[in-house]
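K.L.:
Right, I'll just put the structure down here and ask away after.
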Amino acid sequence: MTQIAVECKNLSKTFNGTTSAVYDLNLTVKKGEILALLGPSGCGKTTTLRMIAGFEQPSHGTIDISGTIVSNEKKFVPPEKRGVSIVFQEHALFPHLSVFENVLFGLKKNEESRRQVTFYLRLVGLEKLAARYPHELSGGERQRVALARAMAPQPVLILFDEPFSNLDADRRARIREEVRAILKTSGSTAIFVTHDQEEALFMGDRLAVLNNGVLEQVGTPEDIYQAPTTRFVAEFMGNTDFLPGEVLENGIMTEIGLIEQPAKLPFTTLVDIAVRFDDVDFIPQRGEKSIVLA
């Protein structure tokens, strides 16, 4: 039986009594899963992350972490008692502490904790840099220190708030590969907030797409890209054209003809078919003198 690490039920957040940042969100994250929380700026993804972390109190709804309710109308568990770690965009390392001391920070200062720090520094490939200070590290190395520090307390959940946005494109691609591999090796459960579609598709075992505070779709990267359930998701995940159509028994009738695409909808339902350039193939017909112009 799959264990649930995090469950949000009917989660909403309103600011100043009028501005709805998140509305009636229902979401589960399985133990050992990486969930990418994706959407444009202002869609509510960071607010959702902050509510799970305990930095924001929901206006309505329930948050359950590892079988324990940490937030509802009658209860609010503070961040430090939720068993959750967070990796910030700026890494938030202490400049006056060494790599080892940064990872040790927050743990009990005993021999077992020191062994734990050494283990996680080895896991992220920084054991030989334990005595260095943050200013002596590259951006990617600082990112891995932040990850080791987040993992050292052995949290139920690790939250990532757009952690790679300050890195250049080449370094970002390399670091996200390393981070995903480390998370999978350790069996960690993580929620990864990003507005970058490529990053979400790479990092997430599943993606949750938000728009204006509403959860549009949850699914695997393949589901989200190849079978979007809303027009917003189709457009947000890549350049898309749409063909209006009508559901028939044997497919969907469009202005360019019948598309044999199964649709679990009643006959005569009007739909939009999302078409991307990589969905289209040109197949010359034998005996026809046709020329592809563009």
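The sequence shown begins at 4 in this note's numbering and counts up by one.
Where a beta carbon is used, it is the ideal one built from N, C-alpha and C, also for glycine.
Computed from a predicted structure; not experimentally measured.
Where do the N-terminal and C-terminal ends of the beta strand (DSSP E) with Asp164 fall, by residue?
P.N.:
Where Asp164 is concerned, the enclosing beta strand (DSSP E) stretches over Leu160 to Asp164.
K.L.:
Could you give the DSSP three-state label for Glu93: helix, strand or coil?
P.N.:
Reduced to three states, the DSSP call for Glu93 is coil.
K.L.:
For the region 22-62, which segments carrying the alpha helix (DSSP H) assignment without a break, of at least 4 residues, lie completely within its bounds, in sequence order?
P.N.:
Within the region 22-62, the complete alpha helix (DSSP H) runs of at least 4 residues are 48-56.
K.L.:
Between Tyr228 and the rest of its own chain, which residues show a CB-CB distance below 6 Å, the 5 nearest in sequence each way excluded?
P.N.:
For Tyr228, where only same-chain residues beyond five positions count, the Cβ hits under 6 Å are Met240.
K.L.:
Express the C-alpha separation of Val278 and Ser69 in angstroms, rounding to a whole number.
P.N.:
Cα to Cα, the separation comes out at about 40 Å.
K.L.:
So Leu52 packs on Leu210, CB below 8 Å; how close in whole Å?
P.N.:
Contact flag wrong, Cβ pair sits at about 15 Å.
K.L.:
With the cut-off set at 9 Å, would you say Val102 and Leu140 are in Cβ contact?
P.N.:
Yes.
K.L.:
So who's on the other strand from Ser15, going by DSSP bridges?
P.N.:
DSSP lists His63 as partners of Ser15.
K.L.:
For the beta strand (DSSP E) that contains Met256, what are its first and last residues?
P.N.:
First-last of the beta strand (DSSP E) with Met256: Gly254 to Thr257.
K.L.:
Between the C-alpha atoms of Gly190 and Gly35, what's the straight-line distance to the nearest angstrom?
P.N.:
C-alpha separation (whole angstroms): 5 Å.
K.L.:
Val247 bridges to which residues according to DSSP?
P.N.:
The sequence as given places Pro at residue 247; Val does not occur at that position. DSSP, once it has assigned bridges, lists Asp275 as partnering Pro247.
K.L.:
Which stretch, first to last residue, makes up the alpha helix (DSSP H) that contains Ser74?
P.N.:
That residue, Ser74, is in no alpha helix (DSSP H); its beta strand (DSSP E) goes Thr71 to Ser74.
K.L.:
Within 10 angstroms of the Cβ of Ala230, are there 16 or more other Cβ atoms? Answer buried if so, exposed if not.
P.N.:
Classification of Ala230: exposed, given that the 10 Å Cβ count is below 16.
K.L.:
Measure the CB-CB distance between His94 and Pro166 and report whether it falls below 9 Å.
P.N.:
A contact, by the Cβ cut-off of 9 Å.
K.L.:
Going by beta-carbon coordinates alone, are Phe79 and Val87 separated by less than 9 Å?
P.N.:
No, these two residues do not count as a Cβ contact at 9 Å.
K.L.:
Taking its Cβ as the centre, do 16 or more other Cβ atoms sit within 10 Å of Asp164, making it buried, or is it exposed?
P.N.:
When all chains shown are included, Asp164 counts as buried.
K.L.:
Put Gly142 into one of helix, strand or coil per three-state DSSP.
P.N.:
Looking at Gly142 - three-state DSSP - the assignment turns out to be helix.
K.L.:
Is the number of C-beta pairs between the region 174-193 and the region 147-160 that are closer than 8 Å three or more?
P.N.:
With the cut-off at 8 Å, the region 174-193 and the region 147-160 touch.
K.L.:
Kindly give me the distance between the Cβ atoms of Ala39 and Gly207, rounded to whole angstroms, as I take these residues to be in contact under 8 Å.
P.N.:
Indeed, because the Cβ distance is near 3 Å, the residues count as touching under 8 Å.
K.L.:
Going by C-alpha distance, which of Ile262, Thr271, Gln60 and Pro269 is nearest Val283?
P.N.:
Closest by alpha carbon: Ile262.
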